[in-house]
Structures are given as C-alpha cells and as structure tokens.
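Scroll down for the structure; my scribbles are underneath it.
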Amino acid sequence: MRFVILVLLLHLHFHYHSLAATPPRIPEYRALLSLRTAISYDPESPLAAWNISTSHCTWTGVTCDARRHVVALNLSGLNLSGSLSSDIAHLRFLVNLTLAANQFVGPIPPELSLVSGLRQLNLSNNVFNETFPSQLARLKRLEVLDLYNNNMTGDLPLAVTEMPNLRHLHLGGNFFTGIIPPAYGQWEFLEYLAVSGNELHGPIPPEIGNLTSLQQLYVGYYNTYDGGIPPEIGNLTSLVRLDMANCLLSGEIPPEIGKLQNLDTLFLQVNTLSGPLTPELGNLKSLKSMDLSNNVLAGEIPEAFAELKNLTLLNLFRNKLHGAIPEFIGDLPELEVLQLWENNFTGSIPQGLGKNGKLQLLDVSSNKLTGNLPPDMCSGNRLQTLITLGNFLFGPIPESLGRCESLSRIRMGENFLNGSIPKGLFDLPKLTQVELQDNYLTGEFPEIDSTPDSLGQISLSNNQLTGSLPPSVGNFSGLQKLLLDGNKFSGRIPPEIGMLQQLSKMDFSNNKFSGEITPEISPMQGSDIC
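Take a look at the structure:
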C-alpha cells in the first residue's frame with residue numbers, strides 16, 4: 008500500500024512541475040493580445056490594428072508560416088514602453104523575436120525559454136534589467152542574441168555557453184560585472200562577440216583564442232581588466248575587427264597580433280600599453296584603421312609599417328614615441344587621417360603627405376618637428392583639419408592652402424613660419440578657425456574678395472605683419488574672435504569692424520594703429536583695442 012501511495016505522490020509531483028514548466032497553451036492570437044496589454048505606451052498606435060476582427064497574421068510586425076503559426080515578431084523602433092509578457096511562451100513556433108529600439112522595462116521573462124525553436128532574439132536598445140535568466144540556456148537553436156544597451160546586471164551569464172549554435176552575441180552596454188568566463192572560448196560557430204561597455208574586471212581569458220570563427224571582438228570601454236592582451240588573440244585568424252580600447256590593458260602589444268591577416272580595424276587606444284610598436288603589426292596587410300593613441304608606447308615607427316598599403320587612419324597621438332616620422336608615411340596610398348600629436352617626434356613632416364589626394368586630417372602638434380610644411384597636403388581638395396601647433400617648423404605656408412576649399416580648421420601657431428598669408432586663405436567657404444599666432448609671418452592682412460560667414464576665429468598675434476587692415480575685414484559676418492596683437496599693423500582701424508555683430512573678443516594691442524576709434528566700433532563690449 009505504501010508503495011502505491013508513493014508512486015501516486017511521485018506522479019502528482021511530476022505532473023505539477025510539468026504544468027509549472029509548461030503552462031496550458033492558449034491560441035497564438037491571444038498570446039499576442041496579452042503582449043499588447045503589457046505595453047503601456049504606444050505613441051504611434053501601430054498595434055491598434057491588433058484585434059480579433061482580422062487575422063493575427065496580418066497584424067503589424069507579425070509574420071506567419073503557411074500553417075498560420077507566428078514565426079517572426081518584429082516591433083523594433085516603434086517607441087513602445089511596457090514589459091514583455093510571459094505569454095510570449097505561447098508563440099511556440101517563433102523563430103525571430105525583435106523588439107529593438109523601444110523602451111521595454113523589467114526582467115526578461117524566463118518563460119521565453121519555452122520557445123525552443125527561437126534562432127534570433129534581439130532586445131537591444133531597451134531598458135530590460137535584472138539578471139539574465141538561466142532558463143534561457145534551453146534555447147539550443149539560438150544563433151543571434153543581442154542585449155546591447157540595456158540595464159542588465161549580475162555576472163556575465165554562463166547560460167549562454169549552453170547555446171552551441173550562437174553566431175552573434177552582444178552583451179555590451181549593460182551593467183554586467185565579474186570576469187569574462189573562460190567558457191566563453193568554447194563556441195564553434197561564433198562570429199561576433201561584444202562585452203564592451205560593462206563593469207568587467209579580471210584578465211581577458213586566453214581561451215578567447217579558441218574562437219576560430221570569430222570575425223569581430225569588442226571587449227573595451229568602461230571595463231577594467233587586469234593584465235594585457237593575451238597572445239592567444241593571434242589564433243583568431245578570421246578576425247576582421249578587434250576593439251580593446253579604454254579598458255586599462257597593460258604590457259606590450261603581443262607580436263602574435265601580426266598573424267591576423269584579415270584584420271581591417273585595430274583599436275587599442277586609451278590603455279596603459281607600453282613598450283615598442285611591434286614590427287609584426289606591419290604584417291596586417293588588410294588593415295584600414297589603427298588607433299594606438301593614449302598609451303605609453305615608446306620607440307620609433309617601424310619600417311614594417313610601410314607595408315600597410317590599405318591604411319586610411321593612423322592614430323598614435325599621446326604616446327612617448329620619438330625619432331623621425333618616416334617618409335613612407337607620406338606615400339601610403341589610402342591614408343586619410345594621421346594624428347601623431349603629443350609625442351617626441353623630430354625631423355621634418357614627410358613631404359609626400361597629401362599627394363595621394365585623400366588626406367582629410369593631419370595633426371602633428373606638440374612635437375619637436377622642423378623643416379617645411381609639405382606642399383601638396385590638399386592636392387585632392389579633401390583636407391579639412393590641419394594642425395601643426397607647437398613645433399619648430401619654418402618656411403612659408405604653402406600657397407596651395409589658399410585654394411583648399413575643403414579646409415575647415417588651421418592651427419599652425421607657435422612655430423617659426425615666415426612669408427605671407429596665402430592669397431585666398433580667408434575666402435575659403437568652409438573655414439571656421441585660423442590660428443597662425445607666434446610665428447614670423449610678414450606682409451599684409453589679406454584682402455577679402457567674398458563674404459565668408461563660417462569663419463569664427465582669426466588669431467594672428469605675435470607675428471611681423473604690416474600695413475593697414477582692409478575694409479573688407481567687415482565681411483566676416485560670423486567672426487567671434489579677432490586677435491591681431493603684437494604685430495606692426497598701422498593706419499586707421501577700419502570702421503567696418505563695427506559690422507561684426509558676433510565679435511566677442513578683439514585684441515589690436517601692441518601695433519602701430521593711428522587715429523581715433525570710430526563710433527561704429529566703440530560701443531562693442533568685451534574687446535581690447537589699443
């Protein structure tokens with residue numbers, strides 16, 4: 008008798024838990040209506056058509072198969088607010104669930120684990136919180152899991168390591184803590200892994216090097232790891248993008264990174280990496296963008312970098328690099344952005360810079376450079392920003408800059424430049440800032456032939472400029488700062504300056520101006536006129 012009672016109790020126990028794990032089914036249209044009820048804000052009313060007067064297969068965001076089962080639900084970008092109802096579990100044939108770019112809040116319902124055929128789950132750019140439900144480990148067919156930019160907490164979930172078919176895993180932009188589990192190195196098919204923008208610590212596990220299908224890896228930004236870049240990263244030969252920026256990495260750049268022949272983006276900026284620029288980086292023939300800025304790297308730019316023929320961006324600023332900038336840098340055929348500021352470079356700027364017709368930004372400020380400026384920096388008329396501030400450069404400003412219509416910012420102060428200001432420079436249509444102070448420029452203030460309205464700052468202080476200011480100086484309708492102090496300007500200050508209604512700072516001191524300040528200028532406030 009006891010045996011019969013025990014068997015009966017066990018049967019009731021398992022029957023109860025079976026019901027708890029698998030709630031009674033409801034029709035799919037009712038499950039959808041339950042989802043709509045849990046949505047508290049529907050500003051554009053895209054779900055207003057969700058009613059039983061029409062087939063649920065025609066409802067906004069719903070896709071059905073031939074048997075009228077819901078196989079996809081896409082409500083992305085509808086600005087919806089509310090929670091995700093646990094009745095999502097009744098959409099048993101669902102393959103793709105996308106709720107990205109809304110304002111869903113609360114936990115991810117563990118009942119979602121009952122949708123066993125789910126392959127894509129995109130909940131990115133919402134406000135989901137709490138920990139990742141361990142029950143979702145049952146989603147063995149899941150290929151895409153995107154939780155980017157939510158408020159998830161707790162350790163990085165181990166449950167995801169039980170999803171063998173994952174190809175895309177984005178857990179970035181949350182508040183996950185703890186370490187990157189070594190088990191994150193076991194996926195056979197994973198192509199995309201992002202854990203950036205969390206609060207992770209500890210070392211980056213060498214097991215990451217086992218992800219031989221990986222094409223994109225993002226681990227930086229707000230994470231604070233111990234140690235450096237594991238050499239095993241060099242095993243990821245399919246890798247196209249590697250972003251380990253801003254996460255307190257230390258030590259040297261491992262030469263094994265040179266094995267990543269498919270890499271087109273390498274971001275290691277804002278760390279404490281030290282040692283030399285490993286020459287093996289020159290093996291990255293596919294590389295287009297390399298940012299190693301804001302570290303403590305030392306030594307010279309290796310000759311091997313001459314092989315980086317596809318490089319469009321090279322950022323090495325704020326390091327402790329020294330030596331000459333190699334001439335081959337000026338010969339890189341695709342180079343668009345070169346930033347080397349705040350190092351200890353000496354010698355001249357490569358004279359070939361800009362000849363490729365693609366240069367857009369050049370910043371070599373705060374070094375110890377000498378010699379002339381390259382003559383063809385704007386040969387493709389694409390140069391936007393030119394900064395050589397704080398060096399020992401001499402010689403004239405290239406006349407070609409006066410024809411560079413793409414130019415927006417010039418900062419070439421604190422050098423030894425001589426000669427005159429190129430004709431046409433102040434007429435350039437996109438120019439917003441000109442800083443040529445603290446040089447040895449001669450000649451007169453250029454005559455303005457147009458009415459440029461974008462130029463907001465002109466600083467010519469402490470040069471050897473002479474002559475009178477032309478009346479056309481009043482053409483700069485957007486000018487906010489006009490600093491001409493410490494020159495040899497003479498004659499009368501033109502009254503047309505009074506037309507510069509946005510001018511907030513003006514310094515004409517230590518010149519040889521004569522005559523009285525005209526009534527058009529005297530009411531202007533916040534200016535120093537001598």
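Using this note's numbering, read the sequence shown as starting at 8 and increasing by one per residue. Where is the CB? At the ideal position from N, CA and C, for every residue including glycine.
| Asked | Found |
| --- | --- |
| Glycine 241 beta carbon less than 8 Å from that of proline 261 | yes |
| Per DSSP, the bridge partner or partners of threonine 392 | Leu368 and Arg416 |
| Backbone CA spacing between glycine 179 and leucine 280 [nearest angstrom] | 23 Å |
| First and last residue of the uninterrupted beta strand (DSSP E) at leucine 224 | 223-225 |
| Where methionine 384 sits in the DSSP three-state scheme | coil |
| Three-way DSSP call (helix, strand, coil) for proline 283 in this model | strand |
| DSSP-derived helix/strand/coil call for serine 407 | helix |
| Under the three-state DSSP convention, the category aspartate 271 falls into | coil |
| Rounded Cβ spacing between glutamine 276 and valine 247 (contact assumed at less than 8 Å) | At roughly 18 Å, the Cβ-Cβ gap does not stay under 8 Å, so glutamine 276 and valine 247 are not in contact. |
| The alpha helix (DSSP H) enclosing leucine 39, as first and last residue numbers | 35-44 |
| Identified DSSP bridge partners for glutamate 442 | Arg418 and Ser466 |
| Burial state of aspartate 233 (16 or more Cβ within 10 Å) | exposed |
| DSSP beta-bridge partners of leucine 328 | Gly306 |
| Reduced DSSP category for leucine 121 - H, G, I as helix; E, B as strand; rest coil | helix |
| Alpha carbon of methionine 384 to alpha carbon of leucine 462, nearest angstrom | 21 Å |
| Sequence-distant residues of the same chain with beta carbon closer than 6 Å to serine 92, five excluded per side | Ser41, Leu42 and Ala45 |
| Selected residue, minimal CA-CA separation from phenylalanine 100, among Ile115, Ser83 and Val77 | Val77 |
| Beta-carbon contacts of asparagine 326 that lie in its chain and below 6 Å, excluding the five residues immediately before and after | Asn302, Leu304 and Asn350 |
| Other residues of its chain near aspartate 72: CB distance less than 6 Å, five sequence neighbours each side excluded | Val78 |
| Nearest-angstrom Cα separation, counted from asparagine 217 out to tyrosine 23 | Reliability of the predicted coordinates at tyrosine 23 is poor, the pLDDT of 36 falling under 50, and no value is obtained from them. |
| 4-residue-minimum alpha helix (DSSP H) runs that sit fully inside the stretch 455-522, ordered along the chain | none |
| Collapsed DSSP secondary structure at phenylalanine 423 in the structure displayed | strand |
| Beta carbon of serine 521 nearer than 8 Å to that of glycine 498 | yes |
| Anticipated Cβ contact below 8 Å, leucine 486 with isoleucine 500, distance rounded | Not confirmed; about 15 Å, so no contact. |
| Close-in-space but distant-in-sequence residues of the same chain around threonine 231 (CB under 7 Å, 5 per side omitted) | His208, Cys254 and Leu255 |
| Local Cβ density within 10 Å of asparagine 398, reported as buried at 16 or more and exposed below that | buried |
| Cβ separation of leucine 328 and valine 344, assumed to be a contact under 8 Å, to the nearest whole Å | Not really, about 17 Å apart at Cβ, beyond 8 Å. |
| Beta-carbon proximity of glycine 289 to glutamate 314, cut-off 8 Å | yes |
| Among Leu438, Asn317, Phe452 and Asn446, nearest to aspartate 460 - alpha-carbon criterion | Leu438 |
| Proximity to arginine 148 [Cα-Cα], best of His175, Lys365 and Lys266 | His175 |
| Beta-carbon spacing of tryptophan 57, leucine 80 below 8 Å | no |
| Integer Cβ distance of glutamate 167 from valine 202, believed to fall under 8 Å | Glutamate is not the amino acid found at residue 167; the sequence shown has valine there. Their Cβ separation, rounded to whole angstroms, is 11 Å, which puts valine 167 and valine 202 out of contact at 8 Å. |
| Boundaries of the beta strand (DSSP E) in which leucine 321 is found, first to last residue | 320-322 |
| Reduced DSSP category for glutamine 142 - H, G, I as helix; E, B as strand; rest coil | helix |
| Helix, strand or coil at lysine 295 [DSSP, three-state] | coil |
| Status (buried if at least 16 other CB within 10 Å, exposed otherwise) for tyrosine 447 | exposed |
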